[in-house]
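Participant: Got a structure here, written out as structure tokens. Questions coming.
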Amino acid sequence: MAIISPLTFFRFAADHSELLERLYEKRSRIAETELREYVLACRKDNDPAPQRVINQLEELGIIEPSPEATAAYEMRRPVAQLLAYLLHEYRLTSVEVIQAYLSDLQKLGGGLVKAVADKDGAGAVRLLADAADEVERMRQDSRHSREAIVADVVKLKANKAGLTVKERLSRVDYLWTRYMAPLRDMLDVRKEMERQLDSLEAALAHGEIAFETDLAVHREFTALRSRALRLRREIAADFKESIKELLPLHNELHRESAVSRGAAHALELIKRGGLHAIDLTKRLGISTWRAKGLFADEAIRAYMLGLKGYTPKLPPPLCAVRAPDLASLIQADEFNAKAEKAVPLDDALAWLIEQYPQAAPEQLLRCYARFYYGEFGATRFAAATEKSYAAQGLSFSARPMGVEKNGN
57 MAIISPLTFF RFAADHSELL ERLYEKRSRI AETELREYVL ACRKDNDPAP QRVINQLEEL
117 GIIEPSPEAT AAYEMRRPVA QLLAYLLHEY RLTSVEVIQA YLSDLQKLGG GLVKAVADKD
177 GAGAVRLLAD AADEVERMRQ DSRHSREAIV ADVVKLKANK AGLTVKERLS RVDYLWTRYM
237 APLRDMLDVR KEMERQLDSL EAALAHGEIA FETDLAVHRE FTALRSRALR LRREIAADFK
297 ESIKELLPLH NELHRESAVS RGAAHALELI KRGGLHAIDL TKRLGISTWR AKGLFADEAI
357 RAYMLGLKGY TPKLPPPLCA VRAPDLASLI QADEFNAKAE KAVPLDDALA WLIEQYPQAA
417 PEQLLRCYAR FYYGEFGATR FAAATEKSYA AQGLSFSARP MGVEKNGN
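Residue numbers (our numbering): 57 to 464.
Next comes the structure, spelled out in structure tokens:
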């Protein structure tokens, strides 16, 4: 396709904005007769002939022949994306797309580590530019997904299309299972997104130190680090806002659906067996009057006199509040200092039990997880069989996990 002048493109777009909006609403499989009708409907007095406008639409790359049918057109995807941005109509971004971004960032992060080690400033700048592009794509897609979900929720609440509860619930469940639930799992601490962004930020921090004297390269490292920080912050905010909009509607429609199903089932039972089939008195606890087990007047008077002379006993004393057992807790600062000093370790769990014999088992496992996730160095597992560990009356079975010191 020939190079298109931006001035010519936007001048045409300004003169035919109504036509472009109509084409965007249709987007795909626009029959040639429909296209001509759109051009005529939006035509102004000083506009060229309809066929000339159609030719311009093709020459400027706004439409192209549709592969689905002859004598049909569709709007080119880049133009549709531009109009979607201008009209605030965004598409949802699936988790698979975000995973592809993260995979690219992982490769670029590895390249940055190598460029920093080789002191290759030019190569680092190229990799930083590519990484910045990926980060911005992720940020924009996250914002677009948020806007798309909010727009969908507004439409479903207004329900101008007159959809049934089942149809609206189906759409909400699709949004929830296809986008929100996988994204929530990915955003969770220690999951893929956090690991990749942590790894990228570590590489950028090393790059800032390595190229401290090369101001041009150092500035690029600092800029990308700021972008990564903004990405992390905005993705979390977009997800929270999406959940805030979608979750109440999700719960409300599930309740309405349950009520509708229950009402339909009850009506079916009534249709088959009448009102007795649903046994309302038993199910709803409707009260009925029964004269049974009544006292005579004299018996009631004697009983009340007995109550009048009743002297209650003193209540038993409350148990003294036990002071919390601080020995079962592991202080974070103390653990960090001990762990950094102790690595390398041959058996992390045995070391934890030895250092904190009074600690609660959940405290030991939490610190063990920090070793496992590599906070104090790379981990390795011995090829030996499982070993048993005892702590606070509990027994653990695991292969010994060693921790290597960072940099070794």
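Quick reminder that beta carbons are idealized off the backbone N, C-alpha and C, glycines included.
Cutting at 8 Å between CB atoms, please list the residues of its own chain near A188, excluding the five before and the five after it.
Facilitator: A279, L280 and R283
Participant: Using DSSP with H/G/I as helix, E/B as strand and the rest coil, what is F68?
Facilitator: helix
Participant: Would you kindly report the start and end of the unbroken beta strand (DSSP E) that includes Y445?
Facilitator: K443 to A447
Participant: I believe A180 touches V273 by the beta-carbon criterion, under 8 Å. Please report the beta-carbon distance rounded to the nearest angstrom.
Facilitator: 6 Å
Participant: Would you decide whether S73 is buried or exposed? Buried here means 16 or more other CB atoms lie within 10 Å of its CB.
Facilitator: Result: exposed.
Participant: By Cβ distance below 8 Å, which residues in the same chain neighbour P373 in space, the five residues on each side in sequence not counted?
Facilitator: none
Participant: Pull up the distance between the alpha-carbon of F65 and that of D101, whole angstroms please.
Facilitator: Going from the Cα of F65 to the Cα of D101 covers about 21 Å.
Participant: Just to confirm, is the Cβ distance from L231 to L309 under 9 Å?
Facilitator: Cβ distance not < 9 Å, so L231 and L309 don't count as in contact.
Participant: What do you get for F427, buried or exposed, if any count of 16 or more other CB atoms within 10 angstroms of its CB means buried?
Facilitator: Counting Cβ neighbours within 10 Å, F427 comes out buried, since at least 16 surround it.
Participant: Mapping DSSP to helix, strand and coil, what is V228?
Facilitator: helix
Participant: Using three-state DSSP, classify S453 as helix, strand or coil.
Facilitator: strand
Participant: Which residue marks the beginning of the alpha helix (DSSP H) containing E312, and which one marks its end?
Facilitator: L271 to G329
Participant: Quick check: E460 and T441, are their CB atoms within less than 9 Å of each other?
Facilitator: no
Participant: Tell me the DSSP secondary structure of V399 in three-state form.
Facilitator: coil
Participant: Go through its chain and collect everything with a Cβ distance to R85's Cβ below 7 Å, but skip five positions before and after it.
Facilitator: S122, E124, A125, A128 and E130
Participant: Can you tell me whether M194 is buried or exposed? The criterion is at least 16 other CB atoms within 10 Å of its CB, across all chains shown.
Facilitator: buried
Participant: CA-CA distance, P304 and A293?
Facilitator: 17 Å
Participant: Based on the DSSP secondary-structure assignment, which residues constitute the bridge partners of R436?
Facilitator: G458
Participant: When you compare only the Cα positions, how much space is there between C98 and L79?
Facilitator: For C98 and L79, the distance between alpha carbons rounds to 11 Å.
Participant: Just list the alpha helix (DSSP H) runs in the region 79–130, keeping only unbroken ones of 4 residues or longer that don't cross its boundaries, in chain order.
Facilitator: 88–97 and 106–115
Participant: Among the residues of its own chain, which have a CB less than 7 Å from the CB of I326, if the five just before and after it don't count?
Facilitator: A333 and I334
Participant: Pair every Cβ in the region 161–178 with every Cβ in the region 108–122, then say whether three or more of these pairs are closer than 8 Å.
Facilitator: no
Participant: Should E276 be labelled buried (16 or more other beta-carbon atoms within 10 Å of its own) or exposed?
Facilitator: buried
Participant: Assign F267 to one of three DSSP states: helix, strand, or coil.
Facilitator: Per DSSP, reduced to three states, the secondary structure at F267 is coil, with no helix or strand assignment.
Participant: Taking its Cβ as the centre, do 16 or more other Cβ atoms sit within 10 Å of D197, making it buried, or is it exposed?
Facilitator: buried
Participant: Under 6 Å Cβ to Cβ from Y157, same chain only, skipping five residues before and after it: list those, please.
Facilitator: E190 and M194
Participant: If you reduce the DSSP assignment to three classes, tell me which class R182 lands in.
Facilitator: Of the three classes helix, strand and coil, the one that applies to R182 here is helix, per DSSP.
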